[in-house]
Every structure is written in structure tokens, then in C-alpha cells.
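Peer 1: Those letters in the sequence shown? Residues 341 to 775, per our numbering, in order. Beta carbons: idealized from backbone N, C-alpha and C, even for Gly. All of these numbers come straight from a predicted model, not from anything done at the bench. Submitted below is the structure of interest, expressed as C-alpha cells.
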Amino acid sequence: MTTDLAELVRADGVEFVLAVFVDLTGKPCAKLVPAESVEELRDEGVGFAGYAAGALGQLPSDPDVVARPDVTSYTPLPFVEPGLALVHCDPYVEGEPWPYAPRVILRRQLRLAAEQGLSMQVGAEVEYFLVQRDAHGTLSVADPRDTATRPCYDARGLTRMYDHLTAVSRAMNTLGWGNYANDHEDGNGQFEQNFRHADALTTADRVITLRYLISVLAERRDMTATFMPKPFTDRTGTGLHLHLSLWRGAEPAFPAPDDGRGLGLSPLAYSFLAGIVEHAPALQAVLAPTVNSYKRTGAVATRSGATWSPRVAGYGGNDRTHFVRVPDGNRVELRGGDGAANPYLAAAAALAAGLDGIERGLDPGEPGAPGKGPELPPTLLHAVEALQADDVVGGALDTAGPGVSRYFADLKREEFFDWHSTVGPWELDHYLTAF
């Protein structure tokens, strides 16, 4: 199979390529490159004014960010527009990988793991709401019949959104992602569409691509797809749960059938898990990176009766109330993330925390022990303070270059003080289509 971008574009009859990268907030940035210029894109990349693009650590006076395509991420998108394709890019400035670019940060963290003979596979659960706004700005779910108190898995709700859900499913399967389930989630108007796990970088790319696909396909049906963590005060919020596993080459490093704790995990897996638990407060600044995120984690009740948002960084077996759930011996599920999380940063930070646990030989204690693990931050400001006090999670952001974690923390602190005391329409305008 060819690995030349120009050849792929010609073979697929592609007319335009979206050259995509995301900023630190997860905002997708792109230029639309005609097929006639694909060789230039392949060989030289395409330039952006970094300050205008978003949170990339640049000033208006700084030199261009040049997005260089990663051909392994090439994705035809005929179900969006005939002749359209997408390729994820690594941002460079003056010939060097740009340290504020999330994809560059994750690449560097994966390289550190590889130096220890380890790689990480990630599965992601992408949740979202389908909504509409009326002429007065009032938000409501797109399906007016979706009113049940406990709508999760409702077959009728799925069927009413059949056209949208199946369009997304066909797209994922056409791309070879292995969509294996699509379900109505716990909130009215909330859905989840799953694809098979892959290496961490591929999964992060796919989360960004899937958010784009879901959004544009929803717009075709006069709906808005939002990944906002808590769009409704009385309903379950939107998570981004990550299933993590470490590998040594082709061999999984987590399973251990003789595990005395009964979860089927190896000592290495327990140390990885313990690292995540210990660094949980700082991790939340990355996993739950908005003011609105803490309306989700701080909720005490919903219409369905459950928030599915842990408040303590504990762990346990197949129990969705824990910060880290262990469904089986092959993986652990990190449940602290929400729909505002940048998947590249989330994977990089979780990997760094887990590797620290391995390096120090940490033990998480017995599963489900009462009070085990630190309290999670109650606000974004508390999470940012935890991040700045944590050299491991902060170091994951700084792995591609110093100063990134401070810049990220300053962005989040500014957001907190700008918005924390305000309620109402501002929040929808700020977050509804931000990610």
C-alpha cells in the first residue's frame, strides 16, 4: 500500500484535502488544499498564523506555524462531501516541531514510553448531545419525543435518530475503524458511538475526526451536536472515557490470570493504575478542562438518578462509579474525562501518570477501599492549582518543550476568572460548539 499522500489523493479521486491540527483547547484548525497543490502540502506543509489559529503559545508577531501532514492519518470523507479527504498534521515552526501542539506533545510522551519498551493502546467512548435552539436561544433536545426519565438504551429513541446514527456508523466502518455499537446514553438527547481501540495517536486522531463527522452530519439534519460537558443542569453530562492498556511489542502487559486481587491485572498494571490515581487531581485539569466541566463532576442528582461522574480518585472492578474502572484484565478505564477534553493531551497526561507509577512501583491498595485515593478538584481553578503543583502531569505537557504547562494553566485560570460567576446564555455561546 502506498504511503505517498499525492498518490493516495489521485487514486481516490480526491479534489480537496482538509489539512487539520488542533490547538490546546481541542479546536480543529484546517486549510482546504486543492488536489493540484497536494505535492506542495506533502513536501512543504501549509502555513497558519498561529496566534489567529487559537491557543498555540504564539503572539501576532511570531513566525508561521507550518502544518506537515502525517500520511498515516489520511482519511477520505466522501460521506461529508464528494472528493473530500482529511489528513492530520504535526505543526512546525521554523523547521522544528512546535512544543505547544497537542499532537507533538503526545508523540513525545509515546517516545518516552517506547524507550522503556512500552506502547499504549487507547479506546475512547465519544458521547454527545443532539440539540436545537429556538429563536429565543432556548436549548432543547433535537428529538421532542425524547422525554423519558430514564432514556438510556431506549430502542425508540435510537430509531428516531436512525438516519443520523447510521450515517455516522457507515462512515466509521467505511474508514475501517470498526464501529461496534451505537446507543442512546443516560441523558435525553444524548448518544454514544464506539469504535475499536488502536494505538494512542491513531485513537486521538479518530476522536477529532469523529467529532467533526458527527457535527457536520448533524448539521445536515438541522441539529447541533455538542460535546459540552454539562449542557443541561438536570441531565447526565457528557464524558470522554478512555480505555488504556500497555503493550510490549505484540504482547499485552496488563493481563495476569493469577492476580490475587481478582481483577486479572499484573503488578505493572497495578502500578500504572496507582500512578493515575495518585496524579488524579492534576489530571483533571486536562481531562476536565473547562468551567462547565465541574458542573458535571459537581452534580449531585440527575433525572435518571445517576451522574456517572466520580468525585474521588478511587478504583475498582466492573463498577462505573469509580474514577478508574477495571472491566477485565486487558485494560483500565479512566472515567474522569469529559467531552471538552483534548484527546492528545488526555492520553499524554494519563500515560505520564501511569509511567510514574510504574517507575516508583506504586501500589493502589485494595480495589474499592473506602476513601481510597484523593478527592477530585471541585472547580477548574482547584484543578489548575493541582496541575501546577504536579511535576509529572505538568511535565507531560512540557515534554516537547518548557513552558507549555504554565501557558495551559494560565489559559485555564483566565477562563475560570472570566466565566465562573456567570450563568445562562454565555455558557451555551462559549461551549456549545467549541470542541
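Assign TYR440 to buried or exposed, taking buried as 16 or more other Cβ atoms, counted over all protein chains shown, within 10 Å of its Cβ.
Peer 2: Taking the sequence shown and counting its residues from 1, one reaches residue 440 at position 100. By the 10 Å Cβ count, TYR440 comes out buried.
Peer 1: Using C-beta distances below 7 Å, list every residue in its chain close to ASP486, excluding the 5 sequence neighbours before and after it, in chain order.
Peer 2: Translated into the one-based positions of the sequence shown, residue 486 becomes position 146. Closer than 7 Å at Cβ, skipping near neighbours: GLY497, ASN528 and GLY529.
Peer 1: Leaving aside the five residues before and after THR630 along the sequence, list all residues of the same chain whose C-beta is less than 6 Å from its C-beta, in chain order.
Peer 2: In the sequence shown, counting from the first residue as 1, residue 630 sits at position 290. Around THR630: ALA680.
Peer 1: Can GLN624 and LEU695 be called in contact, C-beta distance under 7 Å?
Peer 2: The residue labelled residue 624 in the question sits at position 284 within the sequence shown. The residue labelled residue 695 in the question sits at position 355 within the sequence shown. Result no, Cβ atoms of GLN624 and LEU695 do not sit closer than 7 Å.
Peer 1: Which residue comes first and which comes last in the beta strand (DSSP E) that contains ASN534?
Peer 2: For the purposes of this step, residue 534 is identified with residue 194 of the sequence shown, where counting begins at 1. Element bounds for ASN534: 530–534.
Peer 1: Mapping DSSP to helix, strand and coil, what is ALA558?
Peer 2: Mapped onto the sequence shown, residue 558 falls at position 218. In the structure shown, ALA558 sits in a helix (DSSP, three-state: H, G or I).
Peer 1: Just the C-alpha distance for TYR391 and ALA346, rounded to the nearest angstrom, thanks.
Peer 2: Within the sequence shown, numbered from 1, the residue matching residue 391 stands at position 51. Within the sequence shown, numbered from 1, the residue matching residue 346 stands at position 6. Cα-Cα distance, rounded: 29 Å.
Peer 1: Excluding the five sequence neighbours on either side, which residues of its own chain have a C-beta within less than 6 Å of the C-beta of THR647, listed in chain order?
Peer 2: Taking the first residue of the sequence shown as position 1, residue 647 is located at position 307. Closer than 6 Å at Cβ, skipping near neighbours: ALA639.
Peer 1: Where does ARG473 land, buried or exposed, given buried means 16+ other C-beta within 10 angstroms?
Peer 2: Here residue 473 refers to the residue found at position 133 when the sequence shown is read from its first residue. ARG473 should be labelled exposed.
Peer 1: Have a look at GLU465 and GLY387 and give me their C-alpha separation to the nearest angstrom.
Peer 2: Numbered from its first residue, the sequence shown carries residue 465 at position 125. Numbered from its first residue, the sequence shown carries residue 387 at position 47. Those two C-alpha atoms are separated by around 33 Å.
Peer 1: How many whole angstroms separate the CB atoms of LEU685 and LEU721, which I take to be in contact at a CB cut-off of 8 Å?
Peer 2: Counted from its first residue, the sequence shown places residue 685 at position 345. Counted from its first residue, the sequence shown places residue 721 at position 381. So it is not a contact: roughly 18 Å between Cβ atoms.
Peer 1: Taking the straight line between their C-alpha atoms, what separation do you get for LEU751 and LEU396?
Peer 2: Your numbering for residue 751 matches position 411 in the sequence shown. Your numbering for residue 396 matches position 56 in the sequence shown. Rounded to the nearest whole angstrom, the CA to CA distance from LEU751 to LEU396 is 11 Å.
Peer 1: Is it true that the region 658–677 meets the region 423–431, where meeting means three or more beta-carbon pairs spaced less than 8 Å apart?
Peer 2: no
Peer 1: How about LEU372 and TYR414: are their beta carbons less than 7 Å apart?
Peer 2: In the sequence shown, residue 372 corresponds to position 32, counting from 1. In the sequence shown, residue 414 corresponds to position 74, counting from 1. Cβ atoms of LEU372 and TYR414: not closer than 7 Å.
Peer 1: Whole-angstrom Cβ separation of VAL471 and THR564, contact assumed at under 8 Å?
Peer 2: The sequence position of residue 471 within the sequence shown is 131, counting from 1. The sequence position of residue 564 within the sequence shown is 224, counting from 1. About 5 Å; that satisfies the 8 Å criterion.
Peer 1: How about VAL617 and ALA689: do their beta carbons lie closer than 7 Å?
Peer 2: Within the sequence shown, the letter at position 277 stands for residue 617. Within the sequence shown, the letter at position 349 stands for residue 689. Contact: no.
Peer 1: Taking contact to mean at least 3 C-beta pairs separated by less than 8 Å, is the region 455–462 in contact with the region 530–542?
Peer 2: yes
Peer 1: Measuring CA to CA, which of THR773, ARG700 and TRP517 is closest to ALA614?
Peer 2: Here residue 614 corresponds to residue number 274 of the sequence shown, with the count starting at 1. The option with the nearest alpha carbon to ALA614 is ARG700.
Peer 1: ASP383 lies in the alpha helix (DSSP H); which residues open and close that run?
Peer 2: Here residue 383 is taken as the residue at index 43 of the sequence shown, counted from 1. Element bounds for ASP383: 378–384.
Peer 1: Smallest Cα separation from GLY743: which of PRO403, THR719, TRP438 and VAL357?
Peer 2: On the sequence shown, residue 743 is found 403 positions in, with the first residue counted as 1. Minimum Cα distance to GLY743 is reached at TRP438.
Peer 1: From the DSSP output, which residues share a beta bridge with ASP539?
Peer 2: Taking the sequence shown and counting its residues from 1, the one referred to as residue 539 is at position 199. Partner(s): GLN461.
Peer 1: How is the alpha helix (DSSP H) around TRP759 delimited, first residue to last?
Peer 2: Position 419 of the sequence shown, counted from the first residue, corresponds to residue 759. Start and end: 744–759.
Peer 1: Ordered along the chain, which non-local residues of its own chain (more than five positions away) have a Cβ less than 6 Å from that of SER649?
Peer 2: For the purposes of this step, residue 649 is identified with residue 309 of the sequence shown, where counting begins at 1. Only ARG636 and THR637 meet the Cβ criterion.
Peer 1: Using CA atoms only, rank isn't needed, just tell me which of ALA507, ALA692, GLU467 and TYR493 is closest to ARG675.
Peer 2: As a working mapping, residue 675 is identified with position 335 in the sequence shown. Of the candidates ALA507, ALA692, GLU467 and TYR493, the one whose C-alpha sits nearest the C-alpha of ARG675 is GLU467.
Peer 1: In the DSSP output, which residue or residues are listed as bridge partners for ALA639?
Peer 2: Here the question's residue 639 lines up with position 299 in the sequence shown. DSSP, once it has assigned bridges, lists no residue as partnering ALA639.
Peer 1: Can you tell which of GLY577, LYS367, ASP758 and GLN728 has the C-alpha that lies nearest to the C-alpha of PHE748?
Peer 2: Translated into the one-based positions of the sequence shown, residue 748 becomes position 408. The shortest C-alpha separation from PHE748 is found at GLN728.
Peer 1: Rounding to the nearest angstrom, what Cα-Cα distance links SER290 and ARG447 in this structure?
Peer 2: What is shown of the chain runs 341 to 775, which leaves residue 290 out entirely.
Peer 1: Residues in its own chain within less than 8 Å of HIS504 by CB, not counting five upstream and five downstream?
Peer 2: As a working mapping, residue 504 is identified with position 164 in the sequence shown. If we look at HIS504 and ignore the five residues flanking it on each side, its Cβ neighbours are LEU470, LEU557, ALA558, ARG561 and MET563.
Peer 1: Go through its chain and collect everything with a Cβ distance to PRO569's Cβ below 6 Å, but skip five positions before and after it.
Peer 2: Against the sequence shown, residue 569 aligns to sequence position 229. Cβ neighbours of PRO569 beyond the five flanking positions: GLY577, THR578, ASN632, SER633, ARG636, ASP678, GLY679 and ALA680.
Peer 1: From this set, PRO409, GLY705 and GLU384, which residue's C-alpha is nearest ALA609's C-alpha?
Peer 2: Residue mapping note: residue 609 aligns to position 269 of the sequence shown, counting from 1. The candidate whose alpha carbon is nearest that of ALA609 is GLY705.
Peer 1: Could you pull the start and end residues of the beta strand (DSSP E) that TYR432 belongs to?
Peer 2: Here residue 432 refers to the residue found at position 92 when the sequence shown is read from its first residue. It spans 424–433 - the beta strand (DSSP E) in which TYR432 sits, taken as one unbroken run.
Peer 1: May I ask you to report which of helix, strand or coil DSSP gives LEU364?
Peer 2: Within the sequence shown, the letter at position 24 stands for residue 364. Coil, per DSSP.
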